[in-house]
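Notes for the one structure printed next.
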Amino acid sequence: MAKRLIPTLNRVLVEKIVPPSKTTAGILLPEKSSKLNSGKVVAVGPGLRGEAGGNHIPVAVKEGDTVLLPEYGGTQVKLGEKEYHLYRDEDILGTLHD
Amino acid sequence: MAKRLIPTLNRVLVEKIVPPSKTTAGILLPEKSSKLNSGKVVAVGPGLRGEAGGNHIPVAVKEGDTVLLPEYGGTQVKLGEKEYHLYRDEDILGTLHD
Amino acid sequence: MAKRLIPTLNRVLVEKIVPPSKTTAGILLPEKSSKLNSGKVVAVGPGLRGEAGGNHIPVAVKEGDTVLLPEYGGTQVKLGEKEYHLYRDEDILGTLHD
Amino acid sequence: MAKRLIPTLNRVLVEKIVPPSKTTAGILLPEKSSKLNSGKVVAVGPGLRGEAGGNHIPVAVKEGDTVLLPEYGGTQVKLGEKEYHLYRDEDILGTLHD
Amino acid sequence: MAKRLIPTLNRVLVEKIVPPSKTTAGILLPEKSSKLNSGKVVAVGPGLRGEAGGNHIPVAVKEGDTVLLPEYGGTQVKLGEKEYHLYRDEDILGTLHD
Amino acid sequence: MAKRLIPTLNRVLVEKIVPPSKTTAGILLPEKSSKLNSGKVVAVGPGLRGEAGGNHIPVAVKEGDTVLLPEYGGTQVKLGEKEYHLYRDEDILGTLHD
Amino acid sequence: MAKRLIPTLNRVLVEKIVPPSKTTAGILLPEKSSKLNSGKVVAVGPGLRGEAGGNHIPVAVKEGDTVLLPEYGGTQVKLGEKEYHLYRDEDILGTLHD
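Protein chains in written order, with the working numbering: chain A, 1 to 98; chain B, 99 to 196; chain C, 197 to 294; chain D, 295 to 392; chain E, 393 to 490; chain F, 491 to 588; chain G, 589 to 686.
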């Protein structure tokens with residue numbers, strides 16, 4: 001059975017969104033239109049701890065956010081059958097909204 | 099449909115201004131006059147978080163600013179048909195005014 | 197007789213979980229399913245000391261946690277017959293839960 | 295028309311002083327006497343922001359100052375017909391006075 | 393006559409424990425069982441000074457502790473006939489207890 | 491006419507003391523006796539600014555001090571006919587007294 | 589005449605103790621017994637300045653201390669006929685006591 005991962009500190013667990021390589025009607029999409037590297041935030045850590053020791057610096061994104069990911073970086077993690085990636089919150093470029 | 103991007107932390111989303119390569123009257127401009135690397139700020143992040151955890155250090159530029167960009171750096175992002183660039187606010191050289 | 201180790205500062209003593217290479221029924225598992233690099237936290241240090249000198253920044257994991265470990269890093273330690281690994285808490289990727 | 299540039303953070307916009315290569319009377323000056331690399335401060339940024347987020351660390355020079363510039367460094371900027379250089383205030387060596 | 397050394401700042405003076413290469417009954421021990429790199433803390437410094445200037449950040453180990461040492465590092469010191477090693481407290485891996 | 495330079499931040503303007511290569515009586519001195527690299531402090535900056543933004547960290551030396559200079563480093567500056575050197579105050583080794 | 593040097597910041601002026609290469613009775617000592625690299629503290633600086641600007645972080649050793657020196661590092665200074673070495677206080681390993 002797949003385990004659940006709670007990231008440490010300011011780490012963010014992301015499930016990458018694989019862009020469709022053809023439209024629902026079956027037309028093949030040119031490579032250029034599938035370039036946006038995005039994902040869904042599955043879990044976030046509690047944040048880095050400040051020097052004072054008692055406080056957490058909140059993580060820049062939250063569970064459920066659709067995020068723009070950097071081209072490189074991130075640590076691949078496999079939980080059960082699914083593949084995820086871990087990022088430090090400062091490496092996530094932004095959140096995507098419709 | 100194009101998605102909207104809200105940058106994280108102190109990131110700034112910029113749409114580069116492509117300088118005209120000829121005047122409106124059709125006269126070709128010499129290469130030198132098109133050198134200023136500028137752009138329009140489309141969106142800014144909430145700012146870096148201070149060590150205290152609760153505060154944000156405000157971003158140095160704001161939406162709508164015309165900014166002078168460094169010659170190198172920035173991350174290319176494509177949203178829908180349009181191409182943008184992401185910069186850390188400390189990499190933006192200044193704001194341009196008429 | 198095996199000695200007990202109390203880690204210093206933000207170090208974490210971990211006993212790695214060796215994934216079974218065949219099922220209890222004796223069927224050999226393909227290499228891919230044994231990939232998750234995890235361990236059990238056996239002991240944690242008191243945390244790094246803040247600049248003020250009197251306070252400790254709490255360690256991000258606690259004794260008994262099942263943790264996801266980075267692919268590289270960690271210091272091998274042998275206590276009695278058993279082999280353990282020491283990690284800085286910031287290098288532990290997250291905690292695993294059923 | 296030339297745009298006006300307001301530098302970000304602790305950046306300083308400088309117009310370099312080109313030393314005359316001959317005296318007003320037309321006598322050619324030896325290379326050695328034209329060595330001082332100086333400029334006029336045209337605009338300064340608001341200063342770096344402190345960790346607290348609300349304050350600015352004032353810039354070390356001010357508009358109108360004649361400054362001694364380092365031999366290397368600075369970013370060339372062309373506004374209209376004129377050429378300027380941007381420096382971080384900590385790279386400016388000092389102010390020159392008659 | 394041997395001098396006594398009081399370490400500066402967060403330095404720790406350690407006398408390494410040389411593991412017996414045979415048992416008391418004279419049986420040679422295999423190389424593997426002598427692998428634990430440990431030592432006895434002979435003296436500790438007052439700790440690093442905090443930025444405030446008046447305070448010391450306490451050293452992570454104390455005189456008399458049996459400590460686990462890193463495989464590399466440490467500065468060899470000879471006082472009289474005996475050989476010691478100096479470590480920064482952050483390089484000591486943990487304390488050993490029966 | 492020679493300009494006066496006020497250094498920025500923690501910079502120190504020094505006029506190097508050229509040791510006499512022969513005594514006043516005309517006896518040539520051996521190379522060894524001219525080795526001390528010292529200078530006279532001509533001007534000092536206001537000091538680095540602290541993070542709070544309003545305060546200056548005072549410069550470690552003052553105008554008129556005779557200082558011991560490091561063997562390497564320093565920026566050569568020519569003001570009028572005279573040659574000076576700029577140092578960061580932390581690079582000056584000490585002050586010399588009779 | 590020899591000048592007196594007052595070190596800046598956290599610098600420490602040390603006169604190295606040259607270990608006797610033979611005993612007072614004239615017996616040559618083996619190389620091993622002359623290995624301890626120690627010195628006498630001749631002068632200390634006021635200490636590094638804290639960020640607040642008004643305070644000094646006290647130097648870890650004081651005038652008259654016999655100190656254990658690192659094998660490498662230190663800046664050689666010649667004052668009059670005597671040779672000294674300058675160290676940053678954090679590079680001094682400890683103080684030696686009978």
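Glycine is no exception: its CB is placed at the ideal position from the N, C-alpha and C atoms.
Query raised in the report: Could you give the C-beta distance for Leu-275/C and Leu-201/C, rounded to a whole number, given that I count them as a contact under 8 Å?
Result: About 6 Å separates the two Cβ atoms, so the contact holds.
**Report entry** Chain-ordered residues of the segment 157 to 182 of chain B with a beta carbon less than 9 Å from chain D
**Finding:** Hits within the stretch, in order: Ala-158, Val-159, Thr-164, Val-165, Leu-166, Pro-168, Glu-169.
Query raised in the report: Should the segment 499 to 507 of chain F be regarded as contacting the segment 537 to 557 of chain F, the criterion being three or more beta carbon pairs within less than 8 Å?
Result: Enough Cβ pairs lie closer than 8 Å, so yes.
Report task. Could you tell me which chain F residues have their CB closer than 7 Å to the CB of Ile-594/G, listed as they occur along the chain? Result -> Chain F residues near Ile-594/G: Gly-584, Thr-585, His-587.
Query raised in the report: Count the other CB atoms within 10 Å of the CB of Tyr-464/E; is the residue buried (16 or more) or exposed (fewer)?
Result: Exposed: under 16 other Cβ atoms inside 10 Å.
Query raised in the report: Just curious, the beta strand (DSSP E) that Thr-369/D is in, first and last residue?
Result: In the DSSP assignment, Thr-369/D falls within the beta strand (DSSP E) that extends over 369 to 373.
Query - Inter-residue CB distance, Ser-38/A and Thr-66/A (contact presumed, cutoff 8 Å) - result: Contact between Ser-38/A and Thr-66/A holds: their C-beta atoms lie close to 6 Å from each other, under 8 Å.
Query raised in the report: Any idea if Gly-64/A is buried or exposed, counting beta-carbon neighbours within 10 angstroms, 16 or more meaning buried?
Result: The residue is exposed, with fewer than 16 neighbouring Cβ atoms inside 10 Å.
**Report entry** Alpha carbon of Asp-353/C to alpha carbon of Arg-480/E, nearest angstrom
**Finding:** With chain C covering only 197 through 294, there is no way to say anything about residue 353/C.
**Report entry** Per DSSP, cross-strand counterpart(s) of Glu-475/E
**Finding:** Per DSSP, Lys-470/E.
Query raised in the report: Could you give the C-beta distance for Glu-211/C and Val-238/C, rounded to a whole number, given that I count them as a contact under 8 Å?
Result: Confirmed, about 5 Å.
Query raised in the report: I think Ile-213/C touches Lys-236/C, with their Cβ atoms under 8 Å apart; what is that distance to the nearest whole Å?
Result: Rounded, the Cβ-Cβ distance is 6 Å, consistent with contact.
Requested in this report: Note down the Cα distance separating Glu-277/C from Leu-428/E, rounded to an integer number of angstroms.
Outcome: Annotation: Glu-277/C to Leu-428/E spans about 12 Å, alpha carbon to alpha carbon.
Query raised in the report: Could you give the C-beta distance for Leu-93/A and Leu-184/B, rounded to a whole number, given that I count them as a contact under 8 Å?
Result: With 8 Å as the limit, Leu-93/A and Leu-184/B qualify as a contact, their Cβ atoms being about 6 Å apart.
Query raised in the report: Can you name the start and end residues of the beta strand (DSSP E) that Lys-628/G belongs to?
Result: Where Lys-628/G is concerned, the enclosing beta strand (DSSP E) stretches over 626 to 632.
Query raised in the report: Along chain A, which residues have their Cβ under 7 Å away from the Cβ of Arg-109/B?
Result: Near Arg-109/B (Cβ distances below 7 Å), the residues of chain A are Leu-93, Gly-94.
Query raised in the report: Can you find a CB in chain F that lies within less than 9 Å of the CB of Ile-351/D?
Result: Judged by the 9 Å Cβ criterion, Ile-351/D is in contact with chain F.
Query - Per-residue contacts from Lys-101/B into chain A (C-beta, under 7 Å) - result: Scanning chain A for C-beta atoms nearer than 7 Å to the C-beta of Lys-101/B yields Leu-96, His-97, Asp-98, reported in chain order.
Query raised in the report: Closer than 9 Å, CB to CB, is Ala-533/F near chain D or not?
Result: So yes, Ala-533/F belongs to the interface.
Report task. Give the DSSP bridge partners of Gly-341/D, in chain order. Result -> According to DSSP, Gly-341/D shares a beta bridge with no other residue.
Query - Per-residue DSSP class, three states only, for Glu-113/B - result: Reduced to three states, the DSSP call for Glu-113/B is strand.
Query raised in the report: Can you find a CB in chain B that lies within less than 9 Å of the CB of Glu-90/A?
Result: At least one CB of chain B lies nearer than 9 Å to the CB of Glu-90/A.
**Report entry** Proximity test, Cβ basis, 9 Å: Leu-36/A and chain B
**Finding:** Taking Cβ atoms only, chain B reaches closer than 9 Å to Leu-36/A, which makes this a yes.
Query raised in the report: How long is the line joining the alpha carbons of His-587/F and Asn-545/F, rounded to whole angstroms?
Result: If I take the Cα positions, the gap works out to 30 Å.
Query raised in the report: What does DSSP give as the partner residues of Val-655/G in its beta bridges?
Result: According to DSSP, Val-655/G bridges with Gly-627/G, Thr-683/G.
Query raised in the report: Can you give the Cα-Cα distance for Pro-607/G and Gly-246/C, rounded to whole angstroms?
Result: Pro-607/G and Gly-246/C: Cα-Cα distance of roughly 42 Å.
Query raised in the report: Cβ of Val-504/F less than 9 Å from any chain D Cβ?
Result: No, no contact with chain D.
Query raised in the report: Using the C-alpha atoms, what's the distance from Val-77/A back to Glu-83/A?
Result: When only Cα atoms are considered, Glu-83/A and Val-77/A end up about 6 Å apart.
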